[in-house]
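J.: This is the structure I have questions about; it appears just below.
In my numbering, the protein residues as written are 1300 to 1602.
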């Protein structure tokens, strides 16, 4: 099957699960409606897809859907905060009005808090799911949940997405080194969560977690570089400087994209993930980039 068709299949499964989980957020209210609005705006669901792909590639028949949803909750919470007037001041998200434009800034802020809390709850729920399913590694479920919480906390805190957002909105005279630091903290951090949660809840060898994090780093950097290329025109119009294509030019940015992706394949083999849906998807993304006539004016790399 075409890797992008597989991606769409995963996306559909995640969309269905998100719709099912809305009532679990609490009784119907304005704040729950705000959470539902934020979660239901059309997105790629790429990060939760990665959780499921990694877990499936480990062939332990482990259900990691709740961990995947947790990633989407964390990611959505970060987008709500990014859009606020005191941050990036974006009125639209995914071609729809940003949450604060519909529900107000106070409700938007509280909704982001609620989704972060719900994300941690789903990490715990997935631990119970593994125990109930009696997967081969179920006796380690509590340990895995603890490692998951530790990783999420690190990557969403001052050393991760929160710190990266601070640097992004307070940067001056941006250099390539500074931009790479921002990308690592803001973007790579959430991809590390995705890969690590897929590995943990899929029953991967804990000794190989450092390699998993290396995969996440190179994948996350490549993804953001491609995203910068597709956003060049819009970022230039908005006066946004934190775009690699605008900072160093398209040819050098494309070279860096390929540099990052070429680091991935030996690492995937080290994790015994060769031949997996994940490897096929990465190869398809690289091939798509190679076929682009002008990467600075194209649609996003991931459909």
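All C-beta atoms in this analysis are idealised placements derived from N, C-alpha and C, irrespective of residue type, glycine included.
Thinking C-beta only, is residue 1463 closer than 9 Å to residue 1442?
T.: It is not a contact, given that the beta carbons lie outside the stated cut-off.
J.: Can at least three beta-carbon pairs, one atom from the region 1374–1392 and one from the region 1508–1521, be found at a separation below 8 Å?
T.: Output reads no: the region 1508–1521 does not touch the region 1374–1392.
J.: Quick check: residue 1347 and residue 1371, are their CB atoms within less than 9 Å of each other?
T.: Yes; because the gap between Cβ atoms is below 9 Å, this pair is in contact.
J.: Find out if the Cβ-Cβ distance for the pair residue 1425, residue 1500 is shorter than 9 Å.
T.: In this structure, residue 1500 lies closer than 9 Å to residue 1425 by Cβ.
J.: Any idea what DSSP makes of residue 1396, helix, strand or coil?
T.: Reduced to three states, the DSSP call for residue 1396 is strand.
J.: With a threshold of 16 other CB atoms inside 10 Å of the CB of residue 1405, please say whether the residue is buried or exposed.
T.: When all chains shown are included, residue 1405 counts as exposed.
J.: Using the DSSP secondary-structure output, state which residues sit across from residue 1391 in a beta bridge.
T.: According to DSSP, residue 1391 bridges with 1396.
J.: Thinking just about the alpha-carbon of each residue, which of 1339, 1341 and 1365 is nearest to the one in residue 1351?
T.: Minimum Cα distance to residue 1351 is reached at 1365.
J.: Using the C-alpha atoms, what's the distance from residue 1363 back to residue 1571?
T.: Approximately 19 Å, taken between the alpha carbons.
J.: Taking just the CA atoms, how far does residue 1434 sit from residue 1338?
T.: The alpha-carbon atoms of residue 1338 and residue 1434 are separated by roughly 30 Å.
J.: For residue 1597 and residue 1422, what's the separation of their Cα atoms in angstroms?
T.: Model confidence at residue 1597 stands at a pLDDT of 48, short of 50, so the residue's coordinates are unreliable; what they give is reported in the following sentence. Taking the straight line from one Cα to the other gives about 36 Å.
J.: Contact defined as beta carbons within less than 8 Å: I believe residue 1356 pairs with residue 1491. What is the distance between those atoms, to the nearest angstrom?
T.: With a Cβ gap of about 17 Å, residue 1356 and residue 1491 do not count as contacting.
J.: Taking 9 Å as the threshold (C-beta atoms), are residue 1418 and residue 1368 in contact?
T.: Cβ atoms of residue 1368 and residue 1418: closer than 9 Å.
J.: May I ask you to report which of helix, strand or coil DSSP gives residue 1341?
T.: Coil.
J.: Buried or exposed: which applies to residue 1308, given that a residue is buried once 16 or more other Cβ atoms fall within 10 Å of its Cβ?
T.: It is exposed - the Cβ of residue 1308 has fewer than 16 other Cβ atoms within 10 Å.
J.: With DSSP collapsed to three states, give me the class of residue 1597.
T.: For residue 1597, the predicted structure reports a pLDDT of 48, less than 50, and the residue's modelled location is therefore unreliable. A value from the coordinates is still provided. In this structure, residue 1597 counts as coil in the three-state DSSP scheme.
J.: Would you call the region 1452–1468 and the region 1315–1329 touching, i.e. three or more CB-CB distances under 8 Å?
T.: Touching, no, given that fewer than three Cβ pairs across the two stretches are closer than 8 Å.
J.: Return the CA-CA distance between residue 1282 and residue 1402, expressed in angstroms with no decimal places.
T.: Residue 1282 lies beyond the range of the chain shown here (1300 to 1602); nothing can be said about it.
J.: Is the beta carbon of residue 1413 closer than 9 Å to that of residue 1330?
T.: Yes.
J.: Tell me the rounded alpha-carbon separation between residue 1530 and residue 1542.
T.: C-alpha separation (whole angstroms): 8 Å.
J.: According to DSSP, is residue 1484 part of a helix, a strand, or is it coil?
T.: Reduced to three states, the DSSP call for residue 1484 is helix.
J.: Please state if the CB of residue 1460 and the CB of residue 1482 are separated by a distance shorter than 9 Å.
T.: No. Outside cutoff.
J.: Is it buried or exposed, residue 1452, if we count other Cβ atoms within 10 angstroms and call 16 or more buried?
T.: That one is exposed.
J.: Can you tell me the Cβ-Cβ gap for residue 1344 and residue 1310, rounded? I've got them flagged as a contact below 8 Å.
T.: Their Cβ separation, rounded to whole angstroms, is 5 Å, which keeps residue 1344 and residue 1310 in contact under 8 Å.
J.: According to the neighbour-count rule (16 or more other Cβ atoms, all chains shown, within 10 Å of its Cβ), is residue 1568 buried or exposed?
T.: With fewer than 16 other Cβ atoms within 10 Å, it is exposed.
J.: From residue 1436 to residue 1428, what distance separates their C-alpha atoms?
T.: Straight-line Cα distance between these residues: approximately 12 Å.
J.: What is the rounded straight-line gap between the Cα of residue 1503 and the Cα of residue 1538?
T.: If I take the Cα positions, the gap works out to 43 Å.
J.: For the alpha helix (DSSP H) that contains residue 1549, what are its first and last residues?
T.: Unbroken alpha helix (DSSP H) run through residue 1549: 1549–1569.
J.: Contact check, residue 1328 vs residue 1376 under 8 Å by CB: the rounded distance?
T.: No, residue 1328 and residue 1376 are not in contact; Cβ-Cβ is about 18 Å, not under 8 Å.
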